[in-house]
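The working numbering numbers the first residue of the sequence shown as 485 and each following residue consecutively.
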Amino acid sequence: MNDEYLELAKNKGYDVRALINGASKRAAELAQGGRPLVPVLPQDSRSFLDIALLEVAEGKVVIQTPDYDGY
């Protein structure tokens, strides 16, 4: 995992658990053939998780968290 991408994504203000869950789900989508929302070259060696974190950091993927209303 690229620590720089992680720090950039954390600066978006997400709860760390929500960020990890959301980025993991997005990485799974990419692994199953989902189209990246950031430029990726064929010889790119970044992991799907790195790409997902970069998408979050650039605001191209928004992580939604449920509202619990105090419960």
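Note that the Cβ used here is the ideal one computed from N, Cα and C, for glycine as well.
- Taking 9 Å as the cut-off, the beta carbon of residue 538 is found closer than this to the beta carbon of residue 493.
- If you draw a straight line from the Cα of residue 488 to the Cα of residue 549, it is about 23 Å long.
- Residue 525 sits exposed, since fewer than 16 C-beta atoms from the chains shown fall within 10 Å of its C-beta.
- If you look at residue 501, you'll find it in the alpha helix (DSSP H) that goes 500-515.
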